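Asker:
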Amino acid sequence: RLSHNSAQSLRSLNTPISADAPRTSPPLFARVTQRLEMPEVMQMIDSEVFMAFTTYATIVTLKMMFMSPLTAYFRLTRKAFSNPEDCRSGKTAEERKKMLRSDPDVERVRRCHLNDLENIIPFIVIGLLYSLTGPDLHTAVLHFRIFVGARFFHTLAYVVPLPQPSRGLSWMVGVGSTLSMAYRILTAVLFL
Amino acid sequence: RLSHNSAQSLRSLNTPISADAPRTSPPLFARVTQRLEMPEVMQMIDSEVFMAFTTYATIVTLKMMFMSPLTAYFRLTRKAFSNPEDCRSGKTAEERKKMLRSDPDVERVRRCHLNDLENIIPFIVIGLLYSLTGPDLHTAVLHFRIFVGARFFHTLAYVVPLPQPSRGLSWMVGVGSTLSMAYRILTAVLFL
Amino acid sequence: RLSHNSAQSLRSLNTPISADAPRTSPPLFARVTQRLEMPEVMQMIDSEVFMAFTTYATIVTLKMMFMSPLTAYFRLTRKAFSNPEDCRSGKTAEERKKMLRSDPDVERVRRCHLNDLENIIPFIVIGLLYSLTGPDLHTAVLHFRIFVGARFFHTLAYVVPLPQPSRGLSWMVGVGSTLSMAYRILTAVLFL
């Protein structure tokens, strides 16, 4: 363990030009994977991978948050609400009562939102942990791009709606990207 | 603030008393932003920001978890269940069948719970990533406090219920805090 | 375990053999807790705790993702869909319209999925933050195992379904594990 973390192997990776230059210490997962006895595939928190994850996770979370105002838009235009206190635009009590109904377009957006929660949250959890296992930058960015692209297309296919199997396939592509990252995590870090 | 985050102040924070004492290296995101060629705006994992995030994220997650027993309370007092196996308090088969119904109060708490999932999870994802971009402590804590306060008020406004637009406004304040943090992330770390 | 986490052992871990060798700095939360003036219970990112969290979080997230294909399976075998574009297997327009219905088995799986979102996501958020507070490895792994075991049993009890209170108790065990970790976080890191 000690020799693994030794100056020797670390220097070969992080060697500063001058001996006086500040030295970086091995990041968390470098040490983790050294315990896993993979000194040659020295994995580390690849800062660029984590930055890419941060960017894509933020974008896809914003997309998910956008479903709330979209639901509100359909509720207001279709005049279909769930809560009596939301029906203020109705003039008479009877009109307000009629607005307490479920509308197919509203329900469609709500299902799309729930599907986002069911898929985007696993992506974020698994993508975060995956980013810490030191994957190759291009492989990681490819995973993130495929997932985020698939989810944008999924929303389009759900809300328009496009004929099946466009929605089903985009869902599957997103799940595939997440499963591929989960496989990488479990093969790299399994600790039961 | 700039001078606060500069290499100078970083050293003054981490400098050991004696030159032989172990030296702390710049944390992860300090190195990240160095690559971004912002050596003067040296951002770092501000431990206090991360502690504040940890505290507020835990509190607001506990608030979200509290919606489950609240739903159970309304189901038991309103005698309105979704699953046949939950209707054990009914004595006759007919009585048990009558308990398989949806109740407006139960549905209200459930919508509030789902709204929490739709809003608190984006806050936690974006707040975590935001905490790693090295924001100013006071700005960060302000974001966390506003969000958590808004969500507590939102739950109150939803469950009581308070007349609109109290619920709508508290929802908007929470979303505003999250969007502001997302803007900061994307301007600081964009890596597509 | 205390001696393990003590300043002594930390030094022996991080002290370089020669003064010229690069030095590893105490990890993030070690410094955090030093500020909290707990130098003797020096907490640190225990890499093994984080690896264990990564493993269990990935497994339980995969379990949650599995609810989607399970829902699809019940939708296809029960011929009960929510979206008109999903009813392509119907030959006549009338047959397709009849497939737009809600089925008790489908709704059961969907409730189970939503319950997963309501419970597994808090576990992941709180478990991640808890892993960073430097808990004892055995305590941490116990928390993770109990939670993940309880949630697998919960799914079984919900989908079969098993008679109550098996589902209620497994839900409670999972919540108990999460609350116990949240208590640890708030006592270790409270920063309001």
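In order, the protein sequence lines correspond to chains Y, P and A. Letter 180 of the first sequence, counting from 1, is numbered 180 in UniProt numbering, and no numbers are missing. Letter 71 of the second sequence, counting from 1, is numbered 71 in UniProt numbering, and no numbers are missing. Letter 155 of the third sequence, counting from 1, is numbered 155 in UniProt numbering, and no numbers are missing. Glycine included, every Cβ here is placed at the ideal spot set by N, Cα and C. Remember, it's a predicted structure, so these values are computed and weren't measured experimentally.
So, is the C-beta of ILE146 of chain Y closer than 8 Å to a C-beta in chain A?
Answerer: Chain A contact via Cβ: absent.
Asker: Please classify PRO135 of chain Y: is it buried, with 16 or more other beta-carbons within 10 angstroms of its beta-carbon, or exposed?
Answerer: Buried, since its Cβ has 16 or more Cβ neighbours within 10 Å.
Asker: Look at the alpha carbon of THR71 of chain P and the alpha carbon of LEU137 of chain Y, and state the distance between them as a whole number of angstroms.
Answerer: Roughly 45 Å between the two C-alpha positions.
Asker: Just by C-beta distance, which residues in the region 72-95 of chain Y are closer than 8 Å to chain P?
Answerer: Listed by position along the chain: SER82, ASN83, GLU85, ASP86, ARG88.
Asker: Do PRO84 of chain A and LEU62 of chain A count as a contact pair if the criterion is CB distance below 8 Å?
Answerer: No; because the gap between Cβ atoms is not below 8 Å, this pair is not in contact.
Asker: Quick one: residues in its chain with C-beta nearer than 8 Å to the C-beta of VAL106 of chain P, no 5 flanking neighbours on either side, listed in chain order?
Answerer: Result list for VAL106 of chain P: THR71, PHE74, ARG75, ARG78, ALA80, in chain order.
Asker: Can you name the residues of chain Y whose CB is closer than 9 Å to the CB of ARG111 of chain P?
Answerer: Within chain Y, the residues near ARG111 of chain P are SER82, ASN83.
Asker: Since I believe SER180 of chain A is in contact with HIS154 of chain A (beta carbons under 8 Å), could you give me their beta-carbon distance rounded to a whole number of angstroms?
Answerer: About 17 Å; that fails the 8 Å criterion.
Asker: Going along the chain, which residues of its own chain have a beta-carbon closer than 7 Å to the beta-carbon of VAL49 of chain A, five neighbours each way excluded?
Answerer: Hits under 7 Å: SER131, PRO135, LEU137, ALA140.
Asker: Reducing DSSP to helix, strand and coil, say where VAL141 of chain A ends up.
Answerer: Correct three-state label for VAL141 of chain A: helix.
Asker: At 4 residues or longer, and completely inside the region 44-79 of chain A: list those alpha helix (DSSP H) runs for me, N to C.
Answerer: Runs found: 47-65, 67-78.
Asker: Tell me whether PRO104 of chain Y sits in a helix, a strand or coil according to DSSP, three-state version.
Answerer: Here PRO104 of chain Y sits in helix by DSSP.
Asker: In this structure, does DSSP put PRO84 of chain A in helix, strand or coil?
Answerer: Helix at PRO84 of chain A.
Asker: Could you have a look at LEU179 of chain P and say whether DSSP puts it in helix, strand or coil?
Answerer: Helix at LEU179 of chain P.
Asker: List the residues of chain Y that GLU48 of chain A touches, going by C-beta distances under 7 Å, in chain order.
Answerer: Here the neighbours are PHE191.
Asker: For LEU186 of chain Y, which three-state DSSP category applies?
Answerer: It is helical.
Asker: Does THR54 of chain Y come within less than 8 Å of chain P when only Cβ atoms are used?
Answerer: THR54 of chain Y counts as touching chain P.
Asker: Listed in chain order, which residues of the region 122-141 of chain Y have Cβ atoms closer than 7 Å to some Cβ of chain A?
Answerer: For the region 122-141 of chain Y, which is checked against every Cβ of chain A, the residues closer than 7 Å are PRO122, VAL125, ILE126, LEU129.
Asker: Which word fits VAL160 of chain P, buried or exposed, when buried means at least 16 other C-beta atoms lie within 10 angstroms of its C-beta?
Answerer: With fewer than 16 Cβ atoms within 10 Å of its Cβ, VAL160 of chain P is classed as exposed.
Asker: DSSP on VAL159 of chain A, reduced to helix/strand/coil?
Answerer: Here VAL159 of chain A sits in helix by DSSP.
Asker: Would you kindly work out how many angstroms separate the C-alpha atoms of PHE66 of chain Y and GLY168 of chain A, rounded to a whole number?
Answerer: Approximately 34 Å, taken between the alpha carbons.
Asker: Taking buried to mean at least 16 other C-beta atoms within 10 Å of its own C-beta, is THR58 of chain P buried or exposed?
Answerer: By the 10 Å Cβ count, THR58 of chain P comes out buried.
Asker: Of the choices P:LYS97, P:PHE147, P:THR55, whose alpha-carbon is the least far from that of PHE123 of chain P?
Answerer: Closest by alpha carbon: P:PHE147.
Asker: Excluding the five sequence neighbours on either side, which residues of its own chain have a C-beta within less than 8 Å of the C-beta of ASN115 of chain Y, listed in chain order?
Answerer: Result list for ASN115 of chain Y: HIS154, TYR158, TRP171, in chain order.
Asker: Assuming the contact rule is C-beta atoms closer than 8 Å, GLU127 of chain Y and PHE191 of chain Y should be a hit. Round their C-beta distance to whole Å, please.
Answerer: Reading off the sequence, residue 127 of chain Y comes out as Gly, not Glu. Between PHE191 of chain Y and GLY127 of chain Y the Cβ distance is about 19 Å, and since that is not below 8 Å, they are no contact.
Asker: If you draw a straight line from the C-alpha of PHE94 of chain P to the C-alpha of SER82 of chain Y, how long is it?
Answerer: Reading off the sequence, residue 94 of chain P comes out as Glu, not Phe. Their Cα atoms are separated by approximately 29 Å.
Asker: Taking all protein chains shown into account, do 16 or more other C-beta atoms lie within 10 angstroms of the C-beta of THR55 of chain Y, making it buried, or fewer, making it exposed?
Answerer: By the 10 Å Cβ count, THR55 of chain Y comes out buried.
Asker: Can you tell me where the alpha helix (DSSP H) holding THR98 of chain P begins and where it ends?
Answerer: First, the amino acid is wrong: residue 98 of chain P is Lys here, not Thr. Here the alpha helix (DSSP H) through LYS98 of chain P covers 93-98.
Asker: Going along the chain, which residues of its own chain have a beta-carbon closer than 7 Å to the beta-carbon of LYS98 of chain P, five neighbours each way excluded?
Answerer: Result list for LYS98 of chain P: empty, nothing under 7 Å.
Asker: Contact check, VAL60 of chain P vs ILE120 of chain P under 8 Å by CB: the rounded distance?
Answerer: The pair is a contact, with the Cβ atoms about 6 Å apart (cut-off 8 Å).
Asker: With a cut-off of 8 Å, does the C-beta of residue 194 of chain P fall near any C-beta of chain A?
Answerer: In the structure as shown, chain P begins at 1 and stops at 192. Residue 194 of chain P is therefore absent and cannot be evaluated.
Asker: Could you tell me whether the Cβ of MET99 of chain P comes closer than 8 Å to any Cβ of chain A?
Answerer: Not closer than 8 Å to any Cβ of chain A, the Cβ of MET99 of chain P fails to qualify, so no.
Asker: Buried or exposed for THR92 of chain P, going by 16 or more other Cβ atoms inside 10 Å?
Answerer: That one is exposed.
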